[in-house]
Each structure stands twice: as structure tokens, then as C-alpha cells.
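Residue numbers (my numbering), protein chains in the order written: chain W, 6 to 237; chain L, 6 to 131. A quick write-up on the structure given underneath.
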Amino acid sequence: MQYLFSFIAVKLSRKNGFDLALLPVNFQPLMSTPTNHSSYDSGASNGREIFELYNRMESDKILLSFKGDVTSDLTASVLSIMEKRLMELNETPKLRKKIYNVMVECLQNLYHHIDSAPDSDDEDAKKKSAIFMIGLNNQGYSITTGNYIDSTRVPGFADRLNRINALNPEELKELYKEVLNSSERSGKGGGGLGMIDIARKTGKKLNYDFIPVTDNLSFFSLSISIDTEDNN
Amino acid sequence: MEAIALEGTPKTPKVSFDSASGTLLLKGRSIPENSIEFYRPLVDWLESYSANPRASTVCEIQLEYFNTSSSKCLLDIFKKMEQMNSSGHEIVINWYYEEDDEDMLEAGEDYQSIINVPFKMIEVQG
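Structural data, given as C-alpha cells:
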């Protein structure tokens, strides 16, 4: 089953439970076969699937979720929505800034990945699509991203992430400065600092996975947690 | 030479580079997707300015957020300051950070340890 939500934002308040804000971008009905519908629906009913998706997001405590092309405008919208939410949730400036910074790096990783994806016919649509989610649990916030990458890039990328995960805070600081001061640049300027910065700011391991999807494509997922307690 | 005066946007900082007073200001957010494109004119301006700078130049960095692609461009700017400093001009970089923003303080200290120019860390109320 394919979910075709372009943009779903769920507002969560710790005190008040959930309410849902659906941002209006190309919502298309989910594909489903009409089954024993009652007189209270249109016949091509997919209410059950939407309700299940809603419940899944609620139990995962998803604050905001997006699937689709990560553009510059989308990035700006997500940041602005989350900035407002974090204010409403009365988080400290320190925590808000940390979350903001990590969101920027994650979204721009997705943006640049999409930018650099080589054109190819039927797999093209997959390559350009990504998922981005922010959840809130008892420990704090989680930021999850997922995107397709060429399988040939997986070993090198995994190796880089493993090396970052093996470092203590002092070593991360030194690596950051070394990469910052190196002449290496990616096309748009970052030159591989993003993941180091995320690891450094969160003080957590980068939790990642690669799943082979086709002969040439893998799905990369990254899950980052930011503890509330460490940042108050 | 012409001053640079740019208003801030949600993704780019306010810029005020004034050769007459020798003050260089970056203020706000610096999170553009393409930082090189945004910073190239600023680095070019500094290149010209450094040929004939004021006796004393003050660089005011009042950034609330910056992304990692901006961080390399900031280093480019500071390296120009370093060149001017080593050719005998007085340079100060004032690095502002909001109280409790340890990440921003630490970012300033990273630059301080790489660049041979006096840095002043200035804490401001959030």
C-alpha cells in the first residue's frame, strides 16, 4: 500500500493530548477496494486505512511527518511550524535551538541528496522522495529521516557513520575542526560536516540502517534522539 | 569602496560590511541551502577591502543559527581577517552568543582555535 499524503502535521501537546492539523498539499485518496460500506460513506471508502494511519502516528507520538520531495520551501515551512510548536510546548531556548539545528542539517541532507540524484527513468521518482518525521516521547525528541541512495554509496557512507559513532565528544570536536578546516567541499558547501555536527550537538550515536531495495537502490534511514533532560 | 547592506531573510543573515568605518556585521540566521552562492560576494568584497583596510577592523558575528555549509564560508571570512591581521592591521572578531547557548559558544571557540585573530566571546540575554 502506498501512502500519498504529501504533508501531514500533527500537533501534540503533552497536556492536552492530540489534535490534528492537515496541511493542504495534494492529498490524494489511498487506493483501496470498496468493501461492505455503510450508507455513511461514499462507496469508495478508505476511512479504515486513514484511521489506522492516524492511530499509528498517534501511538508513535508523531509531531510532524512529511513524505515527498524535500524542497527549499518545504524546509522553510517545516522549520517555521516546528519553531512555533516548540514554543507552544514551552521548551527551553537551549533545547529549541538544538532541535532546530538538527532539523536544518537533516532536511538539508535530504535536499542535497535529492539534488544530486542522477536522473534515471522508472526509479527516478523513488530517488527523489524522502520521509521526515519528528516525534516526542518521554525522553525527548526523535528526528527520523529516510531516503533512497545508490547502493554503490552504501559501504563508504556506512563506514563514515561508523567512524563518527566510534568517537567520544572530544574526538568529535577535533574531527569537526579538521573537516571544517580542510579544503574539501561538497557541491553546496557542507563538505561532510552535517553528520558530525548532529552527533556532536545531540551527544548521541547516529542510529542508522540501510535496506537493499532493488539491485541498485537502498533505503537509508537515520534516527536521532535529543534528550529533554540533557538540554534544559 | 561600496558598502554591502543586505536585509536578513529567514535563511540568510543581515549583512552590513562598511569599509568607511571598518565594521563587518553578520546578524540573524544563516541556513541557506547554497551557502557558497550567498557568501561568495562577501568574501570577494573582503578580498578587495583587505588590499586597503582601515587601521582597525571589527567583525561582529551575531548569529542565532548557522548550518554546516555556512560554517565553511564563515571560516573563509575569518581567514581573510587572519591575513589582514598578519599584515599588521588591527582585527577583532566579536562572537555573540545567547546565554545558555553552549553550542554557539563552542562554535566560536572552534574558530578561535583555528584562526589566529583575537576573538571576544560576548554573552547576551536571550
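From the three backbone atoms N, C-alpha and C, an ideal C-beta is built for every residue, glycine too.
Min CB distance threonine 62 (chain L) to chain W below 8 Å = no
CB-CB under 6 Å to tyrosine 146 (chain W), same chain, minus the five flanking residues each way: which ones, in chain order?
-> Ile104 and Ile231
Label glutamine 113 (chain W) either buried or exposed according to how many other C-beta atoms from any shown protein chain fall within 10 Å of its C-beta, with 16 as the threshold for buried.
-> buried
Can you tell which of W:Gly73, W:Ile203 and W:Val109 has the C-alpha that lies nearest to the C-alpha of proline 15 (chain L)?
-> W:Val109
Which residues of chain W have a Cβ atom closer than 7 Å to the Cβ of threonine 73 (chain L), listed in chain order?
-> Glu110, Gly195, Leu198, Gly199 and Asp202
Secondary structure at leucine 27 (chain W), three-state DSSP: helix, strand or coil?
-> The pLDDT assigned to leucine 27 (chain W) is 38, lower than 50, so where the model puts this residue is not dependable; a value taken from the coordinates is nonetheless given after this. Note: leucine 27 (chain W) maps to coil in three-state DSSP.
Would you call the region 85-94 of chain L and the region 197-207 of chain W touching, i.e. three or more CB-CB distances under 8 Å?
-> no
So, using beta-carbon positions, are arginine 45 (chain L) and tyrosine 70 (chain L) closer together than 8 Å?
-> no
Whose C-alpha, out of W:Arg90, W:Gly52 and W:Ile55, is nearest the C-alpha of isoleucine 139 (chain W)?
-> W:Arg90
Length of the line joining the Cα atoms of proline 217 (chain W) and phenylalanine 225 (chain W) | 9 Å
Pull out every residue of the region 173-189 of chain W whose Cβ sits closer than 8 Å to any Cβ of chain L, in chain order.
-> Lys178, Tyr181, Lys182, Leu185 and Asn186
Collapsed DSSP secondary structure at glutamine 108 (chain L) in the structure displayed | According to the sequence shown, residue 108 (chain L) is aspartate rather than glutamine. Helix.
Output, in sequence order along the chain, the residues in the region 92-117 of chain W whose CB is closer than 8 Å to any CB in chain L.
-> Thr97, Pro98, Lys99, Lys102, Lys103, Tyr105, Asn106, Val109, Glu110, Gln113, Tyr116 and His117
Would a check of beta-carbon distances place leucine 11 (chain L) closer than 8 Å to chain W?
-> no
Are there 16 or more other CB atoms within 10 angstroms of the CB of tyrosine 127 (chain L), so buried, or fewer, so exposed?
-> Here residue 127 (chain L) is isoleucine; the residue named in the question, tyrosine, does not match the sequence. By the neighbour-count rule (16 or more Cβ atoms within 10 Å), isoleucine 127 (chain L) is not buried but exposed.
Measuring CA to CA, which of W:Arg53, W:Thr80, W:Ile55 and W:Thr97 is closest to glutamate 234 (chain W)?
-> W:Thr97
Pick out whichever of L:Ser76, L:Val20 and L:Ala8 has its Cα sitting closest to the Cα of valine 184 (chain W).
-> L:Ser76
Using a threshold of 8 Å, state whether the C-beta atoms of threonine 207 (chain W) and valine 83 (chain W) are closer than that.
-> no
Starting from the C-beta of glutamate 103 (chain L), find all residues in its chain whose C-beta is less than 8 Å away, skip the five residues before and the five after it, and write them out in chain order.
-> Glu69, Met109, Glu128, Val129, Gln130 and Gly131
When the cut-off is 8 Å and only beta carbons count, does serine 77 (chain W) lie next to chain L?
-> yes
Sequence ranges, alpha helix (DSSP H) only - wholly within the region 71-121 of chain W, length at least 4 = 77-93 and 98-121
At 3 residues or longer, and completely inside the region 12-49 of chain L: list those beta strand (DSSP E) runs for me, N to C.
-> 19-23 and 28-35
Does any C-beta atom of chain W lie closer than 8 Å to the C-beta of aspartate 106 (chain L)?
-> yes
The region 107-123 of chain L in contact with the region 175-182 of chain W per 3-pair CB rule at 8 Å = yes
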